[in-house]
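Sequential numbering of the sequence shown, starting at 3, is according to our numbering.
Where a beta carbon is used, it is the ideal one built from N, C-alpha and C, also for glycine.
Report on the structure given below.
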Amino acid sequence: MTERLLEEFDQRIEELVVLPSKGGVFEVVVDGRLIYSKKATGRHAEHDEVLASIRAI
């Protein structure tokens with residue numbers, strides 16, 4: 003996922019933080035806004051799903 007984000011948004015990303023976590027937590031936050039939460043959906047995100055959500059911002 004990180005590689006895909008960097009490939010598509012390399013000119014727009016000022017900072018990318020990857021935080022290891024426990025318990026299967028996976029969240030994507032852009033400018034303080036939660037874009038995707040595995041905990042909330044109960045499933046892992048599809049790459050294109052996250053990318054489309056970021057593009058929509």
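With respect to H46, K40 sits close: the two C-beta atoms are nearer than 9 angstroms. Cβ-Cβ distances below 8 angstroms link R35 to I59 in the same chain, with the five nearest sequence neighbours on each side left out; the list follows chain order. Residue pairing from DSSP places V32 in a beta bridge opposite R35. Using a 10 angstroms sphere on the CB of L8, the tally of other CB atoms stays under 16, which defines it as exposed. Within 10 angstroms of the beta-carbon of L18 lie fewer than 16 other beta-carbons, which makes it exposed.
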